[in-house]
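**Student:** Numbering (my numbering), first residue to last: 539 to 722.
This is the structure I want to talk about, given as structure tokens.
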Amino acid sequence: MLKIILSIAAATSLFLVLNGCESATGDESQNAKKERSMTTNDKTEAHGTASRDHHVRLTEAEWRKRLTPEQFRVCREKGTERAFTGKFNDHKADGTYVCVACGNPLFESNHKFNSGTGWPSFWKPLSDDSVETVTDTSHGMRRTEVTCNSCDSHLGHVFNDGPKPTGLRYCINSVALDIVEGNE
Ligand SMILES: [Zn+2]
């Protein structure tokens with residue numbers, strides 16, 4: 539029985555990773571449900587970068603307490619919100635977007651653009667220290683995950699089809715963000 543559960547866990551993780559930020563399907567909520575019903579202690583090792591200096595380190599139970607179920611699913615289990623459903627997709631206010639999990643400043647509103655994808659998109663992060671990118675070349679695909687450099691929460695993905703001057707598109711889940719409004 540345990541083996542079966544672990545297989546479902548692996549398949550679900552794979553689905554969520556591959557699904558990424560480019561598509562949103564009806565299957566996702568089903569998979570997310572399965573995923574939520576399991577413990578995910580082993581997933582904290584997913585990056586294999588234990589030597590990185592994370593400023594915010596919490597146990598899975600502490601993260602669950604701090605985050606809503608949807609925030610936990612996206613930030614800690616690398617989920618993806620459905621396109622055009624996030625509260626910041628069409629958000630126009632000036633301010634600094636911060637990590638919803640730890641408050642780390644991530645992006646500025648003046649680097650936000652309308653990508654038409656249904657997710658808030660930025661052509662650069664606030665600083666090089668704001669986010670970390672993790673290249674995933676498994677399964678014959680090359681995708682670049684974007685995580686918070688302070689707490690390692692999953693934020694979204696970055697693609698090479700963004701506007702000038704960087705040509706980058708940071709495709710970020712609204713649910714992983716909060717905003718501190720106002721001009722800095
Ligand atoms: Zn964070």
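Beta carbons are placed, not taken as given, at the ideal position from N, Cα and C, and that holds for glycine.
This structure is a prediction, so every number in the text was calculated from the model and none was measured.
1) Given 8 Å as the limit, tell me if G641 has its C-beta closer than that to any heavy atom belonging to ligand 1.
2) For F622, is the classification buried or exposed, using 16 other Cβ atoms within 10 angstroms of its Cβ as the cut-off for buried?
3) At the level of alpha carbons, what is the spacing between N648 and A631?
4) Expressed to the nearest angstrom, what Euclidean distance is found between the alpha-carbon atoms of A562 and T618?
5) Could you pull the DSSP bridge partners for S688 from this structure?
6) Here's a check: name, in chain order, each residue in its chain whose Cβ is nearer than 8 Å to the Cβ of S653, leaving out the five neighbours to either side.
7) Would you report the Cα separation of K662 and P703, rounded to the nearest angstrom?
8) To the nearest angstrom, report how far apart T673 and E719 are at their CA atoms.
9) Have a look at the DSSP bridge pairing and note the partners of S659.
**Tutor:** Judging by the given coordinates:
1) yes
2) exposed
3) 9 Å
4) Only weak support is given to the placement of A562: the predicted model assigns it a pLDDT of 41, under 50, and the value that follows is read from those uncertain coordinates. Cα to Cα, A562 sits roughly 7 Å from T618.
5) S688 pairs with nothing; no bridge assigned.
6) S659, G700, R707 and C709
7) 9 Å
8) 32 Å
9) F651 and C709
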